[in-house]
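In this text, residue positions in the sequence shown follow this note's numbering: the first is 684, and each later residue adds one.
What follows is a short report on a single structure.
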Amino acid sequence: MVGIYVRVSTEDQARRGYSIPAQIRECRALAGKNQAIIFADEGLSGDSLDRPALTEMRRRIRAGEIKEVICLDPDRLSRRLLNQLLLTDEFERYGVELRFVNGDYSKTPEGTLFYALRGAISEFEKAKITERMCRGRREKAKQGKILRDFHVYGYDYDRERAALVVNQAEAQVVRDIFRWFLDPPKDAVGLSGIARLLTERGIPTKRGAPRWHRQVVRQILSNPTYIGQFYHNKWSVTPQGIRLRPREEWILVACPAIIDHTTFEAVQTRLEKGHARVSVKLRF
684 MVGIYVRVST
694 EDQARRGYSI
704 PAQIRECRAL
714 AGKNQAIIFA
724 DEGLSGDSLD
734 RPALTEMRRR
744 IRAGEIKEVI
754 CLDPDRLSRR
764 LLNQLLLTDE
774 FERYGVELRF
784 VNGDYSKTPE
794 GTLFYALRGA
804 ISEFEKAKIT
814 ERMCRGRREK
824 AKQGKILRDF
834 HVYGYDYDRE
844 RAALVVNQAE
854 AQVVRDIFRW
864 FLDPPKDAVG
874 LSGIARLLTE
884 RGIPTKRGAP
894 RWHRQVVRQI
904 LSNPTYIGQF
914 YHNKWSVTPQ
924 GIRLRPREEW
934 ILVACPAIID
944 HTTFEAVQTR
954 LEKGHARVSV
964 KLRF
């Protein structure tokens, strides 16, 4: 049995000829009349091996169901050389032949060297593309532009201006949340009480969900965007997950304020006190 593995990470790749159907068509041509199973990962990065279709193909290889794997290019398996070599070694251990539409892989010393060089070049190109994109985004951020819609409650995203504009109806809800937290009515005490009141009033979240959660309320109360301070380059996405960048790498972009500084700082003080009380309870 032949396993055909195809992957596309972005719409842009699909437009450049890497679309899933295009990859399948070329891989099927190489497979000829052999019966093939398609394993497709759409919209997933090649940096990580944690991909549903790839995981399933590896499982079936270990089970002895697949004896040949066909792929368009080595970088469809992974963009990282280390992962390419790991998969290649795994396939060989289970007696699986690996073939590529754009250049075959051979187990000779020369073939192994060429394969490693090709993978290294692919990883280098990916790193350079990422570097250029990040540099371009940072430059636009320094010019005061917000590059995409971050779905911040209280604002709409103006694509033409690359800016946040106040959504007056949502902005009023934001003001209510801050006011209720500092001066709570009987039916909206604390984060959970505010979330419950918003849900009972039928006010949807930014993404249209009917139910509010205390963590969403906390995120609103601690977001400096509401005092006109939106930060780009705050988070870094790595194969291990999302991490907070050092403060000096953040890029401040001014936006319309909904909450005044005095109110915001008062809320932060109360949030910190609440967190401290919870920490003390947990220790005991």
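For glycine and all other residues, C-beta sits at the position ideal for the given N, C-alpha and C.
Note that the coordinates shown come from a computational prediction; the quantities given were computed from them, not determined experimentally.
Burial state of residue i (16 or more Cβ within 10 Å)
i: Arg690; result: buried
i: Tyr836; result: buried
i: Thr693; result: exposed
i: Asn766; result: buried
i: Asp758; result: buried
i: Ala878; result: buried
i: Glu806; result: buried
i: Trp895; result: buried
i: Arg966; result: Per-residue confidence for Arg966 stands at a pLDDT of 43, beneath the threshold of 50, marking its modelled position as unreliable; no derived number is given.
i: Leu865; result: exposed
i: Leu927; result: exposed
i: Leu760; result: buried
i: Ile804; result: exposed
Which residues DSSP lists as bridging residue i, in chain order
i: Ala719; result: Val685
i: Ile934; result: His915
i: Leu847; result: Tyr840
i: Arg926; result: Ser919
i: Asp724; result: Arg690
Whole-angstrom distance between residue j and residue i, CA atom to CA atom
i: Glu628; j: Phe913; result: Since the first and last residues shown for the chain are 684 and 967, residue 628 lies out of range.
i: Phe861; j: Val899; result: 13 Å
i: Met684; j: Lys750; result: 6 Å
i: Ile925; j: Asn916; result: 12 Å
i: Phe783; j: Lys811; result: 24 Å
i: Asp695; j: Asp724; result: Only weak support is given to the placement of Asp695: the predicted model assigns it a pLDDT of 45, under 50, and the value that follows is read from those uncertain coordinates. Their Cα atoms are separated by approximately 15 Å.
i: His969; j: Asp730; result: Coverage of the chain is limited to positions 684 through 967, which leaves residue 969 absent and any answer about it impossible.
i: Trp863; j: Ala854; result: 14 Å
i: Arg953; j: Leu737; result: 48 Å
i: Leu847; j: Leu755; result: 41 Å
i: Ile707; j: Ala714; result: 10 Å
i: Val856; j: Asp841; result: 20 Å
i: Arg762; j: Leu781; result: 17 Å
i: Val963; j: Gly957; result: Low per-residue confidence applies at Val963: pLDDT is 38, beneath 50, and the placement is therefore not dependable, though the value from the model is reported in the following sentence. Each residue's Cα considered, the two are about 10 Å apart.
i: Gly891; j: Asp839; result: 14 Å
i: Pro907; j: Glu739; result: 43 Å
i: Leu881; j: Phe833; result: 22 Å
i: Leu874; j: Arg901; result: 7 Å
i: Gly885; j: Pro893; result: 7 Å
i: Gly911; j: Ile703; result: 43 Å
i: Glu932; j: Ser728; result: 25 Å
i: Gln919; j: Pro929; result: The question names Gln, but residue 919 is Ser in the sequence shown. Distance between the alpha carbons of Ser919 and Pro929 is about 10 Å.
i: Glu701; j: Gly726; result: Looking at the sequence itself, residue 701 is Tyr, so the reference to Glu does not match. The alpha-carbon atoms of Tyr701 and Gly726 are separated by roughly 12 Å.
Residue span of the beta strand (DSSP E) that contains residue i, given as start and end
i: Asp839; result: 838–841
i: Ala871; result: Per DSSP, Ala871 belongs to no beta strand (DSSP E) and is neither H nor E.
i: Leu781; result: 780–783
i: Glu751; result: 751–754
Where the alpha helix (DSSP H) containing residue i begins and where it ends
i: Phe864; result: 851–865
i: Ile707; result: 703–714
i: Ile903; result: 897–904
i: Glu775; result: 764–776
i: Pro735; result: 735–745
i: Pro757; result: 757–760
Reference residue i, options the options, closest by Cα
i: Pro735; options: Gly747, Ile721, Glu748; result: Ile721
i: Arg844; options: Gly911, Arg831, Ala854; result: Arg831
i: Gly686; options: Glu748, Pro704, Ser702; result: Glu748
i: Val779; options: Thr771, Asn785, Gly786; result: Thr771
i: Tyr777; options: Arg928, Gly786, Arg745; result: Arg745
i: Ala705; options: Asn717, Tyr688, Lys716, Gln718; result: Tyr688
i: Phe947; options: Leu904, Trp918, Pro868; result: Leu904
i: Leu769; options: Arg894, Arg741, Asn785; result: Arg741
i: Gln718; options: Ser728, Ile942, Ala949, Ile753; result: Ile753
i: Glu808; options: Lys828, Glu773, Leu764, Ile829; result: Leu764
i: Val998; options: Ile942, Arg897, Gln851, Val849; result: Any answer about residue 998 is impossible in this case: the structure gives the chain only from 684 up to 967.
i: Pro887; options: Asp870, Ala852, Pro867; result: Ala852
i: Leu935; options: Glu883, Arg743, Lys828, Gln951; result: Lys828
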